[in-house]
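A.B. asks: The sequence shown begins at 17 in my numbering and counts up by one. What follows is a single structure, and I will ask about it in a moment.
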Amino acid sequence: MCGIVGFIGKNAKTQIIDCLKKLEYRGYDSSGLALINNKDKIEIIKETGFISNIENLSNNMFDDLEIGIGHTRWATTGKVTKENAHPHVSNNGRFAIVHNGIIENYEAIKSDLSHKGYTFSSETDSEVVAILLEENAKTAKSVIENIKLTTKILEGSFSLAILDTHSPDKIFATKKDMPLFVSAGADFASIASAVVGLPHDAIQYIMLENHDIAEISLNTIKVWQNEEMVDRRVQKITKDDLNHTMHNHKHYMIKEIFEEQVALEKTAEAFSSLKPSAKKEILDLFASHKRIHLVACGTAYHACLVGASLLESIGFDCSCHIASEFKYFPPNLNDKCLCIFVSQSGETADTIGCLKLVQEKGIKCLSITNVESSTIAHISDHLLMTKAGTEVAVASTKAYNCQCLIFYLLTQAISKNNQVISIKNLKIDKILQTINQISKLSQIIATFKKVFFIGRGLDSLTAKEGSLKLKEITYIPSESYPAGELKHGTLSLVDDESLSIVILTQKSTIHKTMNAVSEIKARGGFTLVVTPFDEIQPNHEIDYVFHLPILKNEQHYPLISIIPLQLFAYFTSIEKGINPDKPRNLAKSVTVE
Ligand code: G6P
17 MCGIVGFIGK NAKTQIIDCL KKLEYRGYDS SGLALINNKD KIEIIKETGF ISNIENLSNN
77 MFDDLEIGIG HTRWATTGKV TKENAHPHVS NNGRFAIVHN GIIENYEAIK SDLSHKGYTF
137 SSETDSEVVA ILLEENAKTA KSVIENIKLT TKILEGSFSL AILDTHSPDK IFATKKDMPL
197 FVSAGADFAS IASAVVGLPH DAIQYIMLEN HDIAEISLNT IKVWQNEEMV DRRVQKITKD
257 DLNHTMHNHK HYMIKEIFEE QVALEKTAEA FSSLKPSAKK EILDLFASHK RIHLVACGTA
317 YHACLVGASL LESIGFDCSC HIASEFKYFP PNLNDKCLCI FVSQSGETAD TIGCLKLVQE
377 KGIKCLSITN VESSTIAHIS DHLLMTKAGT EVAVASTKAY NCQCLIFYLL TQAISKNNQV
437 ISIKNLKIDK ILQTINQISK LSQIIATFKK VFFIGRGLDS LTAKEGSLKL KEITYIPSES
497 YPAGELKHGT LSLVDDESLS IVILTQKSTI HKTMNAVSEI KARGGFTLVV TPFDEIQPNH
557 EIDYVFHLPI LKNEQHYPLI SIIPLQLFAY FTSIEKGINP DKPRNLAKSV TVE
């Protein structure tokens, strides 16, 4: 899950750093860059911490150099140290590489290379690639052949950018099961792990296929597959692909929450503008499959729970699966099943692994993703796009509402319900107008040692996502439970250091949910109820209330009841002095299993 970039052209160092910053969401524990200097030698700068550290370290240095590669790391093999930061260089200094992925057989390779006399300066799996390139250069007739020989030895997944001082005006790149994009403009050429990581001037890109080897020089990109030069489809970059500014917001997360209304409108618009033939194809899938498996990770999994509940309500038989479990413990899969994969990034390794497994069995797949250039979008049989726009903050917000919306729209279309959901009627602006109240409540939330989220039915699903948001970016231990389940275990954790946030939007559940509130109060716990019901006001059992706008259709609450919970997480994180965009230990795009 790291981000890699490469750049050829003027101001290479600055361009690499700018592009790396746009990929920082992929990992941010250390970073580095390698540039080829005017004597055809490799210069390296690397450091632990955010990319701003290498930016400061390289200030006023290497400004005239015109070719280089860079990396932002999320540690998998080897601790967070400067030595383990990429790029890694071969013993003879000829090759420098940056790597995204995992080399599963690196220990065997390392031992073999050590016996041949090579030395290693990091604990990473990636360093073996640089040294293998040096070893294979002894026999290979060209760099391309060398890369082919080298990658043949590697097991696992990789995207690689390679500098070779014997070809000082070129960057070489290759990939297997990790994304890599190449772009050339009038006066630059570049590569990046995601389209958003390409330079601002990029207007088009190609997506490399597994085992492609690209030779990139100024204005020319050559791609080989099995010794044959191949043409890859050139795709246009849209404004949304490169939208990576915070505008006037302090953090991406709050900006992205404020974009929810527009994101939902765009998603609804894209769904209603689907070509009749594409819509028919998708509706036919549902007409011919009544058994549905929904597969995803993290927030996207929670959107699946909402989706399953909606699809169940119109007669489907649904099961939701966490992708990392599904791949190794799959349910009974046969051609009567339809599998739905949901992923904001479209790059989550666990989800991709499941998609491939299901495709191998010849089972029909539909994917819902937010990134058109992603692996999932590329390999899925059927695709529905959310139009949330670029999501940068690690904690997913606007993508979640949009994923849920797709399930609402699908359910309406399948059941031929003409009452299309109106985004305006969700009254999101009303919630955003209460930001001061939410911020004050968050100051209170920040004082608790543990926070539980409870609710019933659809509200229990929102509770799960609310709890995930809070723990991700505030580090407050948090769990969520269907309200009725509390008394079967978690109630033992309730005391005067705990807050229970109660989501209550479904009229039929008021009475029973309030029973849970009484049980919590009787154990000295504090309660905050999030509800549209006016009659619910603070009293001897309810410490705090946040009122949601009243919606005509109760079933639509999951689309908005999550918003105050996202905002609670955001402001609580700020209150605790944490950067909500970059919580410790996490990364946005998890491209390793
Ligand atoms: C990471 C992110 C989560 C996200 C999950 C699934 O863990 O931090 O916010 O929900 O991956 O990501 P995906 O891109 O597949 O939706």
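Glycine is no exception: its CB is placed at the ideal position from the N, C-alpha and C atoms.
If we ignore side chains and look at the alpha-carbon of each, how far apart do Thr93 and Glu557 end up?
C.D. replies: Each residue's Cα considered, the two are about 50 Å apart.
A.B. asks: Of all the options Asp193, Ile566, Leu224, Phe562, which has the alpha carbon lying nearest to the alpha carbon of Phe584?
C.D. replies: Taking only the C-alpha atoms, the option nearest Phe584 is Phe562.
A.B. asks: Assuming Ile52 and Ile83 form a contact by the criterion Cβ under 8 Å, report the distance between their Cβ atoms to the nearest whole angstrom.
C.D. replies: Indeed they touch by this definition, with Cβ atoms about 5 Å apart.
A.B. asks: If we count the other Cβ atoms within 10 Å of its Cβ and call it buried at 16 or more, is Gly662 buried or exposed?
C.D. replies: Because the chain in this structure spans residues 17 to 609, residue 662 falls outside the shown range and cannot be described.
A.B. asks: Starting from the C-beta of Pro599, find all residues in its chain whose C-beta is less than 6 Å away, skip the five residues before and the five after it, and write them out in chain order.
C.D. replies: Excluding positions up to five away in sequence, the list reads Val410, Glu488, Ile489.
A.B. asks: Which whole-angstrom value describes the C-beta separation of Leu509 and Ile470, a residue pair presumed to lie in contact below a C-beta threshold of 8 Å?
C.D. replies: With 8 Å as the limit, Leu509 and Ile470 do not qualify as a contact, their Cβ atoms being about 12 Å apart.
A.B. asks: When burial is assigned at 16 or more other CB atoms within 10 Å of the CB, is Pro292 buried or exposed?
C.D. replies: Exposed.
A.B. asks: Do you know offhand how far Lys37's Cα is from Arg89's?
C.D. replies: C-alpha separation (whole angstroms): 12 Å.
A.B. asks: What is the rounded straight-line gap between the Cα of Ser431 and the Cα of Glu363?
C.D. replies: Roughly 31 Å separates the two Cα atoms.
A.B. asks: Using CA coordinates, which residue listed in Ser476, Asn264, Ala112 is at the minimum distance from Val322?
C.D. replies: Comparing Cα-Cα distances from Val322 to each of Ser476, Asn264, Ala112, the minimum goes to Ser476.
A.B. asks: Using C-beta distances below 7 Å, list every residue in its chain close to Ala316, excluding the 5 sequence neighbours before and after it, in chain order.
C.D. replies: Within the same chain, Ala316 has close Cβ partners Val358, Ser359, Gln360, Gln419.
A.B. asks: Compute every distance between the C-beta of Gly133 and the non-hydrogen atoms of the ligand G6P, then say whether any falls below 7 Å.
C.D. replies: Not under cutoff, so the answer is no.
A.B. asks: Would you mind giving the Cβ-Cβ distance between Leu326 and Ala429, rounded to the nearest angstrom? I have them listed as a contact below 8 Å.
C.D. replies: No, Leu326 and Ala429 are not in contact; Cβ-Cβ is about 12 Å, not under 8 Å.
A.B. asks: Does the Cβ of Ala312 lie closer than 7 Å to at least one heavy atom of the ligand G6P?
C.D. replies: Within the cutoff, so yes.
A.B. asks: Output the distance between the C-alpha atoms of Ala393 and Leu371, rounded to the nearest integer angstrom.
C.D. replies: Ala393 and Leu371: Cα-Cα distance of roughly 11 Å.
A.B. asks: If contacts are defined as beta-carbon pairs under 8 Å, then Ile439 and Gln582 qualify, I think. What distance do you get, rounded to the angstrom?
C.D. replies: Incorrect: roughly 17 Å between the Cβ atoms, too far for contact.
A.B. asks: Rounding to the nearest angstrom, what Cα-Cα distance links Arg42 and Ser209 in this structure?
C.D. replies: Rounded to whole angstroms, Arg42 to Ser209 spans 9 Å at the Cα level.
A.B. asks: Specify the secondary structure class of Gly22 as computed by DSSP and reduced to three states.
C.D. replies: Here Gly22 sits in strand by DSSP.
A.B. asks: Give the secondary structure of Cys313 by DSSP, where H, G and I count as helix, E and B as strand, and everything else as coil.
C.D. replies: Three-state result, Cys313: coil.
A.B. asks: Per DSSP, which residues does Tyr560 bridge with? Please list them.
C.D. replies: Note: Tyr560 sits in a beta bridge opposite Leu544.
A.B. asks: By DSSP, does Asn162 sit in helix, in strand, or in coil?
C.D. replies: Here Asn162 sits in helix by DSSP.
A.B. asks: For the region 350 to 411, which segments carrying the alpha helix (DSSP H) assignment without a break, of at least 4 residues, lie completely within its bounds, in sequence order?
C.D. replies: Entirely contained in the region 350 to 411, the alpha helix (DSSP H) runs reaching 4 residues are, in chain order, 365 to 376, 391 to 395.
A.B. asks: Cβ of Asn209 within 7 Å of any heavy atom in the ligand G6P?
C.D. replies: Reading the sequence as shown, one finds Ser at residue 209 and not Asn. Not under cutoff, so the answer is no.
A.B. asks: So, are the CB atoms of Leu170 and Ile219 less than 8 Å apart?
C.D. replies: For Leu170 and Ile219, no; Cβs fall outside 8 Å.
A.B. asks: Just to confirm, is the Cβ distance from Gly9 to Leu39 under 8 Å?
C.D. replies: Coverage of the chain is limited to positions 17 through 609, which leaves residue 9 absent and any answer about it impossible.
A.B. asks: In whole angstroms, what is the alpha-carbon distance linking Asn531 and Glu328?
C.D. replies: So the alpha carbons of these two residues sit roughly 27 Å apart.
A.B. asks: Go ahead and label Asn54 buried or exposed: buried means 16 or more other beta carbons lie within 10 angstroms of its beta carbon, across all protein chains shown.
C.D. replies: Exposed: under 16 other Cβ atoms inside 10 Å.
A.B. asks: Determine the closest residue to Asn107 out of His227, Ser137, His265, with distance taken between C-alpha atoms.
C.D. replies: Comparing Cα-Cα distances from Asn107 to each of His227, Ser137, His265, the minimum goes to Ser137.
A.B. asks: According to DSSP, which residues form a beta bridge with Ser206?
C.D. replies: Answer by DSSP bridge pairing, in chain order: Phe23, Ser199.
A.B. asks: Suppose only complete runs of 3+ residues qualify. What are the beta strand (DSSP E) ranges in the region 282 to 336, listed by chain order?
C.D. replies: For the region 282 to 336, whole beta strand (DSSP E) runs of length 3 or above, ordered along the chain, are 307 to 312.
A.B. asks: Residues in its own chain within less than 8 Å of Ser534 by CB, not counting five upstream and five downstream?
C.D. replies: Excluding residues within five positions, the ones whose Cβ falls inside 8 Å are Glu557.
A.B. asks: Going by C-alpha to C-alpha distance, which of Trp240, His104, Leu234, Ile461 sits closest to Pro184?
C.D. replies: Nearest option by C-alpha distance: Leu234.
A.B. asks: Got a sec? Which residues, its chain only, sit under 7 Å from Asn264 by beta carbon, not counting five neighbours each side?
C.D. replies: Cβ neighbours of Asn264 beyond the five flanking positions: none.
A.B. asks: Closer than 7 Å: is that where the CB of Lys604 sits relative to any heavy atom of the ligand G6P?
C.D. replies: Yes.
A.B. asks: I'd like to confirm something about Ile450: is its beta-carbon nearer than 7 Å to some heavy atom of the ligand G6P, or not?
C.D. replies: Looking at the sequence itself, residue 450 is Thr, so the reference to Ile does not match. Outside the cutoff, so no.
A.B. asks: When you measure from the CB of Gln277 to every non-hydrogen atom of the ligand G6P, does any distance come out below 7 Å?
C.D. replies: Incorrect: Gln277 has no Cβ contact closer than 7 Å to the ligand G6P.
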